[in-house]
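Okay, structure coming up:
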């Protein structure tokens, strides 16, 4: 199988500010790391859920066959950017089985803090 | 499906003190991030278990349809607050399938440390 | 169900030293947080696996009904202590369904780093 | 069972540099911690996937019966090293059931940050 076709990341929060805010590598960010180990491209459709407004999306992306995509939420902008300092959650639906892991780098205070977890996977 | 109706977080500990104790964003805290991606409101009933006393709860909360709730344990107070510097675990039962992720921010020493994990989900 | 009867933590490493080494709360340590949400006491039998020697254990512990145990690996001593600065893994077998989450605090350099994950659960 | 025979780590990134770069214990690194709690040696075949090139591998390793292997990705070199500062994902196939947990230490800025998660397991 090599994965599932729907993945849910319940946590989501992109911190704002700090001394590395102009450095794309070190500034606070979140990623959804998506592995497509199969032999067909995986078409992703991503919805972002909030506490107090309608969901944003779908964001459409493709992960080529036998490739990984470390998707940065702070680089999404179509149909709209994901706001910083805002609670959110994510649902990723894929045309092919994939595996998703969620990571945050928090650099607000200068030093680094990290979190990561396997997302919740199920088949549609 | 979009989730499960019972989620268990075996780890739980809210650190006390530190230089950010008066800042709700940066002070040490724990969250249970709950996504309800479905089309019905999810009624949550939460029990908090301790090492040496009877459980606290139920705490009653609702996550509206198509919304996320980043529940902070340090803001629970009905029927009672969750004490700091105390080992605990959490069981969340939901009337609708949801997904739960657990996160801690530890700011006791001023700089930040983070942990996060998908909770353990099962259907009742 | 409220859990599984066998849990595996593949990661294990207790760092040594640092400025908080004499403070049980802040010194580097690892925990296996075990929730027994059921109505019977859970008898735990724990084996610790190493890279280059036979496993240690069984360590025998009990989690009372409706209680959590945040087990610190640096406090185990029967049949033998778990050495610091040594790679290990853990298998926890329980007489009752429980849920296990693994956490490390690394304070070697003075500031804090945290990791945590749900363990791998299966039924015996 | 004591595990699964295929494990996927979707996140992968080995940071570069920092004041501990010459210290194997404290320099930034990633590990796949593999427990083989069974009574037969487990033969591992590991493929590493990238964003923009063909996968590397297979890397062939063995975990003896009743032993753990905390595999460091920065020590792999056959058939080729895993590059630093590069997004990757990992698929581990095992001849015997094992359990895999993924950990990163990020020491770029001197202080330590940690992340860890259970990998995604399935049977082949």
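Residue numbers (my numbering), protein chains in the order written: chain A, 14 to 137; chain B, 14 to 137; chain C, 14 to 137; chain D, 14 to 137. Even glycine gets a Cβ: it sits at the ideal position worked out from N, Cα and C. Note that the structure is predicted; figures quoted are calculated from it, not measured.
- By the 16-neighbour rule on beta-carbons within 10 angstroms, residue 126 of chain A is buried.
- For residue 132 of chain A, the number of other beta carbons within 10 angstroms of its own is at least 16, and it is reported as buried.
- Looking at the backbone, the Cα of residue 104 of chain B and that of residue 32 of chain D are separated by about 43 Å.
- Residue 137 of chain C and residue 22 of chain D have their C-alpha atoms spaced approximately 25 Å apart.
- For the set C/38, C/26 and C/111, the Cα lying nearest the Cα of residue 46 of chain D is the one of C/26.
- Per the coordinates, the alpha-carbon of residue 30 of chain A lies some 13 Å from the alpha-carbon of residue 87 of chain A.
- Residue environment analysis places residue 73 of chain C among the exposed positions, since fewer than 16 neighbouring C-beta atoms fall within 10 angstroms of its C-beta.
- Cβ proximity to chain D below 8 Å picks out nothing from the region 87-117 of chain B.
- Residue 130 of chain A sits away from residue 85 of chain A, with the two beta carbons spaced by 8 Å or more.
- In the DSSP annotation of this structure, the continuous segment of the beta strand (DSSP E) that includes residue 134 of chain B starts and ends at 133-135.
- Of the residues assessed, residue 123 of chain D falls on the exposed side of the cut-off, its CB having fewer than 16 other CB atoms within 10 angstroms.
- Taken through DSSP and simplified to helix, strand or coil, residue 119 of chain D comes out as strand.
- When Cβ-Cβ separations below 8 Å define contact, residue 66 of chain B makes no contact with chain A.
- In this structure, DSSP gives residue 75 of chain C an extended state, which the three-state scheme calls strand.
- At a cut-off of 8 Å between beta-carbon atoms, residue 58 of chain B makes no contact with chain D.
- Contacts with chain D at 8 Å (Cβ-Cβ) do not include residue 31 of chain A.
- By the Cβ test, the region 50-70 of chain B is not in contact with the region 56-72 of chain C, since fewer than three Cβ pairs between them sit closer than 8 Å.
- In this structure residue 83 of chain D touches residue 64 of chain C by the C-beta definition: roughly 7 Å separates them, less than 8 Å.
- Just measuring C-alpha positions, the residue of A/78, A/95 and A/38 sitting nearest residue 111 of chain A is A/78.
- Here the alpha carbons of residue 134 of chain C and residue 106 of chain B stand approximately 20 Å from one another.
- Against chain B, the CB of residue 124 of chain C has a partner CB under 8 Å away; the residue lies at that interface.
- Around the C-beta of residue 38 of chain C, fewer than 16 other C-beta atoms lie within 10 Å, and the residue is accordingly described as exposed.
- With at least 16 other beta carbons inside 10 angstroms of its own, residue 28 of chain B counts as buried.
- Taking 7 Å as the cut-off between beta carbons, the residues of the region 37-62 of chain C near chain D are 62, in sequence order.
- In this structure, residue 102 of chain B lies near residue 48 of chain C, with their beta-carbon atoms less than 8 Å apart.
- Within chain B, 117, 119, 126, 127 and 128 have C-beta atoms less than 8 Å from the C-beta of residue 127 of chain C, given in sequence order.
- Interface criterion not met: the Cβ of residue 84 of chain B is under 8 Å from no Cβ in chain A.
- In this structure, residue 99 of chain C keeps its C-beta atom at 8 Å or more from the C-beta atom of residue 24 of chain B.
- In the structure shown, residue 24 of chain C adopts coil according to DSSP, grouped into three states.
- The residues 69, in chain order, have a CB closer than 6 Å to that of residue 93 of chain D in the same chain once the five nearest residues on each side in sequence are set aside.
- Using a Cβ-Cβ cut-off of 8 Å, residue 79 of chain C is close to 62, 67 and 68 of chain B, given in chain order.
- Shown here for residue 108 of chain D: same chain residues with a beta carbon closer than 7 Å to its own, the five before and five after excluded, namely 55 and 56 in chain order.
- In this structure, the beta-carbon distance from residue 113 of chain C to residue 61 of chain C does not fall below 8 Å.
- Exclusion of the five residues before and after residue 58 of chain C leaves 71, 73 and 106 as the residues of its chain whose Cβ lies within less than 7 Å of its Cβ.
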